[in-house]
Every structure is written in structure tokens, then in C-alpha cells.
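Those protein sequences? They're chains A and B, same order as listed.
Note that full-length UniProt numbering gives residue 311 to position 311 of the first sequence, counting from 1, and the numbers run on in steps of one.
Note that full-length UniProt numbering gives residue 104 to position 104 of the second sequence, counting from 1, and the numbers run on in steps of one.
All C-beta atoms, glycine included, are put in the ideal place defined by N, C-alpha and C.
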Amino acid sequence: MDFTFSEDQLLFQDSVRDFLVNEVTPERIRASWETASGRDAALWAQLAELGLTGLTVPEELGGLGMSELDFILLAQECGYVALAEPLVHTALVAVPLLRELGGELAAQWLPRIAAGEAKVIVGLEHNLLVEDAHVADLLLLQRGERILAATPDQVALRHNESVDPSRRLFAVDVAADAAEVASGERAAELATRALDRGALGCAAQALGLAQRMVDMSVQYTSERQQFGQAIGAFQAVKHHMANIAVRLEYARAPVHRAAYSVACAEAVASQAVSHAKLVACEAANLAAKNCIQVHGAMGYTWEVDLHIFMKKAWALANSWGDAGFHKTRVGEHIFAEGAALGAGATFA
Amino acid sequence: MELTYTDKQKAFREEVRSWLADNVPAEPLQTFDTEAGFQAHREWEARLNAGRWGMVTWPEELGGRGCDLIEWLIFEEEYYKAGAPLRVNQNGIFLLGPTLMEYGTEEQKARILPKMATGEEVWSQGWSEPNAGSDMAAIRSTARLEGDKYIINGQKTWSTRAVWADWCFGMFRTDPESERHRGLTFILVPLDTPGITVRPIPQLDGLPGFAEIFFDNVEVAVENRLGDEGAGWAVAMATAGFERGLMLRSPARFQETARRLVELYRANQSSADQDPAVRDAVLRAYLDAESYCLSTYQTACRLNKGGKIGAESSTNKIFWSELDQNMHATAMSILGARAELLPHAPDASGVGNWLDGWLFAQSGPIYAGTNEVQRNIIAERMLGMPRR
């Protein structure tokens, strides 16, 4: 039993955090909102150079050959800076799905992803829309009992604007001649695992988003003076923040367990992911609610950076399975006849 | 990261399980807030200790097994699963014991710990006073050093288990000129000392689970001082840390409550579903109990590798106490009109011991530092918000 991250994993997290905090500033995010694609090719090239786009790509295909568990702390850091580039999607969803599909497709695309030359985007029927479909060099689309691989010329995209200006969402119509890469039960299994990984990515980002909102609010309430003192000295304000800290503290271990569970293909992986997604997104939503409150009217403005993080938290809460979906999955487990619950069942 | 038990841990679990299966009383003991129940629980402590299961994390020379925190969690899981009796000496074994090991002299450890382990000496707490509750630094009870004795005067209150306990540990002001947390000393007091009056206080369930203790020129040998004179605050903070921490409130307890809540919901589903919020509350209870378990394992593994508990541990007490309240509130909702009935009422079918749990759950957010005080600590020490 060892529920700790290795020195290497923690050092990697530190170095990626330093990079992201320095490079992915709120100013840079706001600048990308004004561009047509909303995406930053120079930033993507930097991420590839650090090995991040190929982190989960096998070494023989030009990647670092790491697992979902190795990436999870980095996904938290992506959330901390509200990274708009599809890095979490690449490392946790697209690459693992390509790995599982294998063959020519994997051999062709994984090296290009690792090199930062191509983006592959996965669209499941569970997702209302496909984020970043407009920058995809290849789309892996679930359609009924099939998974199709479509090139940009084989799809028609309809842009849907999100409350989070960083998110670029598209309805995707796919041409009849797109190649089928999986079908039947296998396609359904692949889609379930892809959904789990997408939800896991949301959960990890939610932890980072919540932490960022807390950090911003601690700073703001320590500086803002009313009634002759910093408003952060008032208990009512402290308790708003403490309530977030409690929920956030107890959301971390479930996310790390879910990452382990997915990486090891444990039988309970889907359930662990649903648990993680529910509690992490709930913590992030609470952070959004309480942090806008302690920012007062400033929090309600476009100018103050809080909304960059708040809006992403809101969006992620209902992406890759909303609360209803994930609660249903947990419920199917715990309300089943003879379910193994209670003391000693957690790691059984 | 490796989230599986080692063969050694699995074998340990089997050993615990098998001993408990042979030894846990078939009928639950009467509550230790009655005289007979107290005695029965004291005997259970002796039995546990005889099997060397009394305090598995204690060193072997003190009757323990030198277990690490993961083994401790495994032990607790099996203990709660087996429905074994609550620990009547928890103030001693979970709070004072670890504090003694850190601050006590060899003489004190040898004199006190073995009798604590057997349940021969049961401990109560003497911290709060009528005007020192959340504001513990406002303590006014005094201890005056005269020769080789302290002369203690004053009053303590909310002393859990004090009605039938043998000893009390607490803080007393030894420097009459001192203020706040300076000038306080941690002293261990035998409750049969002349000059002590214990007045039982009935709790919400009507039973005397705690008491007031009056001290009228009570003479206590100086060898019963724990730590240096005037250093009581630091010693007490260590004890409070154990109290809030995982030693006292291991996840197993809440996971078992969550499991029973799922069972209760399933047994009453058609009526419970009349309120759609109930199913959601059951689900949340399960998730939160699991989160608490996962976080505790993560912390325990970190500590096993030499990590330190930080300010984030202040979140612990809020999380479990509110979870416990929520779970019992949900059970009350499921039981509906039966919820108010005492278990022995003729028409109280299927109510189990939820009412007792509900009453006790009301105390969680209050004792060991109110949750409001915990929130201040989190805001100031963990998040770094301004004190003023």
C-alpha cells in the first residue's frame, strides 16, 4: 500500500507548474480569446518541446511512455492556469484511445502527436459537442456502435459559443466515407474508457481551478480594505474560504485513486472516476460560488481574472458526463444487491 | 503508487479478523455512560489488551505491536466491521497515551501506560472551564506549587467519562501573573484525591457521559506534571492534534455508518423515495465516507514515508463531523415518523441505534474545538488569511 507520488512525479509537477504559470498568464488567455481559432500554435509547440503532448505516447513511437497516473498531477496544473490548449485531452483521451486502437492508425498518428505536429480529437456521443474539433488533424468519432476516424475534409463543423471564451465547441457532421476503426462491443468498451479518461481529466483540472480561485481570493481579501481592515480578517469571509478548503482537501485523494485505477485498468475504474469527477467538480463549483462572493462586485466583472477560472469550472462540471450521469453510475454500484461497501472495501 | 495490500498486511487483517470473531461479545455491551456498561467496557479493554490488540500502534514493550498507520487503519476496519465495543478509555489510549510518549518521563510512561492499556485506569479530560470553552487560553483553574505538591483549585467541565473514570488530565494555571496561553501547566490528577467533587451532567440522551469536576485544595504530587511547568499549552496542542487527527476518528467508523445507511435506504426504499433528496443524500454519504478513507490512507502513507502533518489536517474534524451529522440526518428522514422513537418503544421496529447516533452526532461539530474555530484555523494557518 503506497498512496504517494514518487519524487520524480512531484518534481515533474513542479517544473510543469513553473512553466505554465509563467507562460499561460491570464493576459495570454485573454489574447487568445480574440483570435479566430482561440488556440496558440506557439504555446502548443512549447508544450510538445517539453514532451507533454507525447507524455502518454509509447517510447518506441517517440513519446515518454508514461501513464495516466503520471499525467494526473500535470492535469491539475493545466487546470490551475486554465490552459485552453487540448493538452489534457491529448494525453488522457486521444493518445490512450489511439494506443488501444493500435495498428496503422496508432503508428501513423502517435509520433506526430508526440512531435507536436498533429492534434487528434475524440468526440463521444456522450458529449453534446466536440471541443477543439476545428484544430483537429484527425477526429475519432463515436457514431452509434461504431468509432470512425475522420480527416478535416470529411467533417462539417458548426460552432457553438460557450460561456467560457476559451472553449471552442462544435457540432460535427461526418461524411459517409469516414473510416470505421472499431465497431460493436469493442467500440462501446473503447468509448466507455475514453469517457472515463475524459471525466478524469475534468476532475483533475477542477482541482487546479479550485486551487487557483482560492489563491486569488486569499490574495484579494488580504488586500481589500473595508471597515478599516482587510476583509479577509472577517470570519464570514474566512469561513467561505475554509469551506472550499475542506471540500477541496477531500477531493484530491479520490482523483488520484481514479487515475491509478484507470492506469491499472482496475475493475472499479469507472466508479472511481465518477466519484472523483463528482467531488472534484463540486469543490470547484463551491470555489466559484464563494470566490465570486468574497470578490464582491469586482468578481462580477469581465476585467477581473476570476471569471477565466470560474467559467471553466462551470463548463467542466457538465462535460464528459454531468452529475446525473456520474451519480447514476455510482448508484448502480452502491444500491446493487450484495454490493461490497463499508470498512475494508475501498481497496479490496 | 501501489494501492494494494502487501501479503503481510493481508495476513495482519486475517489475524485481527479471526481474533475479533472469537472474542467480540455476541450481544452489544450496555453503553459506557451507565455504571454497569462502564465496567463491562473496562473488562473488554482488559481482554483486548490480553490479546495484545489494545493499542496496536504502541511499541511491543508496552503491550502493543508497533504497527504502522496502515496496519492501524486495517485494524480499525476490522474492528468496526466486527461491531466491537466502543473504546471507553479513548481519552487515555488515543489522546494522553501518544502525548505521554512524546512528553512524559520514563518513570511516568512506566507508571501510567501499562494500567491505561489494561483499562485498569480509565482517563477523562479536564480542559474546558465554564469560561474557557472555545477560548481555552482563558483557563482560570490554578495549581500552586508547594514543596513537592501542586495545590489545585477551580472547576473543569464537559469532562467526558469523568463520572466513573479514575484519572483526569488537564491544564491548570501555575503562574498567577500569567495571561492567555502562557503560564499553564499540564497535570494528571487521580480523581479519588480528597477535595475533588464530580458532578455528573446528563447529555442529550439523559445519561451522564460527561461531568463537572470541582477542585478544592486538591493536592497532587509534582511527579504528575506532564512536560515542564508553564509548557502546558504546547503539550495540550499535541493532544488536541491527536484528537482531531486520524487516531480517534478513523474512516472505518464512517464507512460502516454509510454502509448501514445504504442498507436502511434499501430496506425502506419505497417510502424513502417519496423525498427525492434522500437517495442523493445516501449517495453523497457513501462518497464522502470513501473520500475520507482515501484521504486518510494518502496521509498515512505520506507520514509512513517520513512526511509531516500540516495545517491541512484542520480540515479533518470539519469533514468527519459534518459527514456524521448528514448521515444521521438522512437516516432520520428515512425512518420518518419512527425516527423519534426510543429503540425499546413497542412500535419502534427497524429503528436500530440511529437515534443514539443522531444525538451523538450533534456533539461532533462542537467538541475538540468547534467547527467555527476550526474554520478560523484553516483560513489563517492553511490559507494564510489575515488575523485582523
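Exercise. Look up L226 (chain B) in the DSSP assignment and give the residues it is bridged to.
Key: The residue labelled residue 226 (chain B) in the question sits at position 226 within the second sequence. Per DSSP, B:F186.
Self-check item: Close beta carbons around N290 (chain A), own chain, < 8 Å, minus the five adjacent residues each side
Solution: One-based indexing of the first sequence puts residue 290 (chain A) at position 290. The residues are S217, H240, M241, N243 and I244.
Quiz item: Going along the stretch 56–82 of chain A in order, which residues come within less than 8 Å of chain B, judged by CB to CB distance?
Solution: L69
Quiz item: Of all the CB atoms in chain B, is at least one closer than 8 Å to the CB of M298 (chain A)?
Solution: The residue given as residue 298 (chain A) occupies position 298 in the first sequence. M298 (chain A) does not count as touching chain B.
Quiz item: For W320 (chain A), which of helix, strand or coil comes out of DSSP?
Solution: On the first sequence, residue 320 (chain A) is found 320 positions in, with the first residue counted as 1. Coil at W320 (chain A), not helix or strand.
Quiz prompt | 7 Å Cβ shell around H333 (chain A) - same chain, five flanking residues per side excluded | solution = Taking the first residue of the first sequence as 1, we reach residue 333 (chain A) at position 333. These residues qualify, in order along the chain: Q271 and A339.
Quiz item: Count the other CB atoms within 10 Å of the CB of G350 (chain B); is the residue buried (16 or more) or exposed (fewer)?
Solution: The residue labelled residue 350 (chain B) in the question sits at position 350 within the second sequence. Residue environment for G350 (chain B): exposed (fewer than 16 other C-beta atoms within 10 angstroms of its C-beta).
Quiz item: Is any beta-carbon of chain A found at less than 8 Å from that of I366 (chain B)?
Solution: Position 366 of the second sequence, counting from 1, holds the residue named residue 366 (chain B). Output row for I366 (chain B): interface = no.
Quiz item: Using a C-beta to C-beta distance shorter than 7 Å, which residues of chain A count as neighbours of Q9 (chain B)?
Solution: Position 9 of the second sequence, counted from the start, is the residue given in the question as residue 9 (chain B). Ordered by position in chain A, the residues that pass the 7 Å Cβ test against Q9 (chain B) are M1.
Quiz item: With DSSP run on the structure shown, which of helix, strand or coil describes Q362 (chain B)?
Solution: Taking the first residue of the second sequence as 1, we reach residue 362 (chain B) at position 362. Three-state DSSP puts Q362 (chain B) in coil, outside helix and strand.
Exercise. With DSSP as the reference, please indicate the residues paired to residue 351 (chain A) in a beta bridge.
Key: Nothing about residue 351 (chain A) can be reported from this structure: the residues present for chain A run from 1 to 348 only.
Practice problem: Have a look at C168 (chain B) and A317 (chain A) and give me their C-alpha separation to the nearest angstrom. | Solution: Taking the second sequence and counting its residues from 1, the one referred to as residue 168 (chain B) is at position 168. Taking the first sequence and counting its residues from 1, the one referred to as residue 317 (chain A) is at position 317. Looking at the two C-alpha atoms, the distance is approximately 51 Å.
Quiz prompt | Other residues of its chain near R167 (chain A): CB distance less than 7 Å, five sequence neighbours each side excluded | solution = Stepping through the first sequence from its first residue, residue 167 (chain A) is reached at position 167. Correct list, in chain order: E131 and A315.
Quiz item: For chain A, is any of its Cβ atoms less than 8 Å away from the one on L69 (chain B)?
Solution: Residue mapping note: residue 69 (chain B) aligns to position 69 of the second sequence, counting from 1. So no, L69 (chain B) is outside the interface.
Exercise. Anything in chain B within Cβ reach of R257 (chain A), meaning under 8 Å, just list it in chain order.
Key: Taking the first sequence and counting its residues from 1, one reaches residue 257 (chain A) at position 257. Simply L3 and L294.
Quiz item: Going by alpha carbons, who is nearest to N23 (chain B) out of B:G37, B:K8, B:T142 and B:E45?
Solution: To locate residue 23 (chain B), count along the second sequence from 1; it is residue 23. Checked all of B:G37, B:K8, B:T142 and B:E45; the closest Cα to N23 (chain B) is B:E45.
Self-check item: Beta-carbon separation (whole angstroms), H126 (chain A) vs F170 (chain A), contact threshold 8 Å
Solution: Working through the first sequence from its first residue, we reach residue 126 (chain A) at position 126. Working through the first sequence from its first residue, we reach residue 170 (chain A) at position 170. That pair is no contact at about 16 Å.
Exercise. Assuming S178 (chain B) contacts K156 (chain B) (C-beta within less than 8 Å), just tell me the rounded distance between them.
Key: As a first step, residue 178 (chain B) is located in the second sequence; it is residue number 178 there, counting from the start. As a first step, residue 156 (chain B) is located in the second sequence; it is residue number 156 there, counting from the start. Wrong, their Cβ atoms sit about 18 Å apart, outside the cutoff.
Quiz prompt | At least 3 beta-carbon pairs within less than 8 Å: the stretch 291–306 of chain A vs the stretch 247–258 of chain A | solution = no
Quiz item: Could you give the uninterrupted runs of the alpha helix (DSSP H) lying entirely in the stretch 20–96 of chain A, keeping only those of 4 residues or more?
Solution: 26–33, 41–49 and 68–80
Quiz item: Per DSSP, what kind of secondary structure is I139 (chain B) in: helix, strand or coil?
Solution: Against the second sequence, residue 139 (chain B) aligns to sequence position 139. Looking at I139 (chain B) - three-state DSSP - the assignment turns out to be coil, as it is neither helix nor strand.
Quiz item: With 8 Å set as the bound, which would you pick, yes or no: does the beta-carbon of G384 (chain B) sit closer than that to a beta-carbon of chain A?
Solution: Taking the first residue of the second sequence as 1, we reach residue 384 (chain B) at position 384. Output row for G384 (chain B): interface = yes.
Quiz item: Hey, does I292 (chain A) have any beta-carbon neighbour from chain B nearer than 8 Å?
Solution: Start at 1 with the first residue of the first sequence, and residue 292 (chain A) comes out as number 292. By this cut-off, I292 (chain A) is not an interface position.
Practice problem: Say whether chain A places a C-beta atom closer than 8 Å to the C-beta of L283 (chain B). | Solution: Start at 1 with the first residue of the second sequence, and residue 283 (chain B) comes out as number 283. Chain A, which has a Cβ nearer than 8 Å to the Cβ of L283 (chain B), makes this yes.
Self-check item: Minimum Cβ-Cβ distance from I147 (chain A) to chain B less than 8 Å
Solution: To locate residue 147 (chain A), count along the first sequence from 1; it is residue 147. Taking Cβ atoms only, chain B never reaches closer than 8 Å to I147 (chain A), which makes this a no.
Quiz item: Closest Cβ-Cβ distance between E332 (chain A) and chain B: below 8 Å?
Solution: Position 332 of the first sequence holds residue 332 (chain A). So, not an interface residue.
Quiz item: Taking the Cβ atom as the reference point for each residue, do L323 (chain B) and Y292 (chain B) lie within a distance shorter than 8 Å?
Solution: Here residue 323 (chain B) is taken as the residue at index 323 of the second sequence, counted from 1. Here residue 292 (chain B) is taken as the residue at index 292 of the second sequence, counted from 1. In this structure, Y292 (chain B) lies closer than 8 Å to L323 (chain B) by Cβ.
Quiz prompt | Local conformation of P386 (chain B) per DSSP, three classes | solution = Indexing the second sequence from 1 puts residue 386 (chain B) at position 386. Coil.
Practice problem: Flag this pair as touching only if the stretch 221–238 of chain B and the stretch 88–103 of chain B have three or more C-beta atom pairs under 8 Å; answer yes or no. | Solution: yes
Quiz item: Any residues in the stretch 229–259 of chain A with a beta carbon nearer than 8 Å to a beta carbon of chain B? Which ones, in chain order?
Solution: Q229, A230, G232, A233, Q235, V237, K238, H239, M241, A242, N243, A245, V246, E249, Y250, A251, R252, A253, P254, H256 and R257
Quiz item: Going by Cα to Cα distance, which pick from A:L11, A:E59, A:C264 and A:V181 is closest to P111 (chain A)?
Solution: Walking along the first sequence from the start, residue 111 (chain A) turns up at place 111. Across the set A:L11, A:E59, A:C264 and A:V181, the C-alpha of A:E59 shows the shortest separation from the C-alpha of P111 (chain A).
Self-check item: Contact under 8 Å by Cβ, Y80 (chain B) with E229 (chain B)
Solution: For the purposes of this step, residue 80 (chain B) is taken as the residue at position 80 of the second sequence. For the purposes of this step, residue 229 (chain B) is taken as the residue at position 229 of the second sequence. Taking 8 Å as the Cβ cut-off, Y80 (chain B) and E229 (chain B) do not qualify as a contacting pair.
Practice problem: Closer than 8 Å by beta-carbon distance: list the chain A residues that pair up with S291 (chain B), in chain order. | Solution: Within the second sequence, numbered from 1, the residue matching residue 291 (chain B) stands at position 291. Within 8 Å of the CB of S291 (chain B), the CB atoms of chain A belong to Y250, A251, A253, P254, H275 and V279, in sequence order along the chain.
Quiz item: In chain order, what residues of the same chain lie with their CB nearer than 7 Å to the CB of I334 (chain B), ignoring the 5 residues before and after it?
Solution: Here the question's residue 334 (chain B) lines up with position 334 in the second sequence. Counting only Cβ-Cβ distances below 7 Å, and skipping sequence neighbours, we find L264, Y265, N268, A272 and V278.
Self-check item: C-beta contact flag for A188 (chain A) and R247 (chain A) at 8 Å
Solution: For the purposes of this step, residue 188 (chain A) is identified with residue 188 of the first sequence, where counting begins at 1. For the purposes of this step, residue 247 (chain A) is identified with residue 247 of the first sequence, where counting begins at 1. No. Outside cutoff.
Practice problem: Put residue 418 (chain B) into one of helix, strand or coil per three-state DSSP. | Solution: Residue coverage of chain B in this structure runs from 1 to 388, which leaves residue 418 (chain B) outside it and unanswerable.
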